[in-house]
Amino acid sequence: MFRTMMKGKIHRARVTESNLNYVGSITIDEDILDAVDMVPNEKVQIVNNNNGARFETYIIPGPRGTGVMCLNGAAARLVQEGDVIIVISYAMMAEEEVPFHQPRVAIMDENNSITEILGYEPASTIL
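For the working numbering, count along the sequence shown from 1 and bump the result up by 15.
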C-alpha cells in the first residue's frame, strides 16, 4: 500500500502579486523552494487563509531572495495581494517509509522570510 503524505509546506506566506494574464501556476522564490524540497513544475495545493479557497497548481521558480509568492492565471482570481497562504506538496510513499518520513515545514514571517524550518507538523494551531 502507498500513502500520500505531506512532503513540504510553506506556512503563512504572503501573496506578493497576482497575475491574471499569465498561463497559470504559482511563482515562488527559489531559496524558499530549496528550503522545503519543492521543485519547478511540482504540483502543490494552495490554501488561502483569508477566504478559505483551496486549489491546486504547479510551481514556477522565482528570483532568489525576493520572497515572491505570485499566483498566476485563473488562480489569481482566488487571492489578493497580501493574503496569507499555505503551500503544500505531497509525496507517495510505501507503508514502510511512513514511520520515518519527516516533512520540511517553513514557518514564514510577514516579509516571506523563513523564521524556522521544522521536520514535523506542529500539534499547536498557533505558532
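Backbone N, C-alpha and C fix where the C-beta goes; we use that ideal spot for every residue, glycine too. All of these numbers come straight from a predicted model, not from anything done at the bench.
Helix, strand or coil for residue 124 per DSSP? coil
Should residue 121 go down as buried or exposed, given a rule of 16 or more other Cβ atoms within 10 Å for buried? With 16 or more neighbouring CB atoms inside 10 Å of its own CB, residue 121 falls in the buried class.
In angstroms with no decimal places, state the Cα-to-Cα distance between residue 25 and residue 74. 13 Å
Looking only at DSSP bridge pairs, what is residue 138 linked to? None; residue 138 has no bridge partner.
Residue from 86, 114, 107 whose Cα sits closest to the Cα of residue 70: 86
So, at 8 Å on beta carbons, what are the nonlocal neighbours of residue 95 in its own chain, with the 5 sequence-adjacent residues on each side left out? 30, 33, 65
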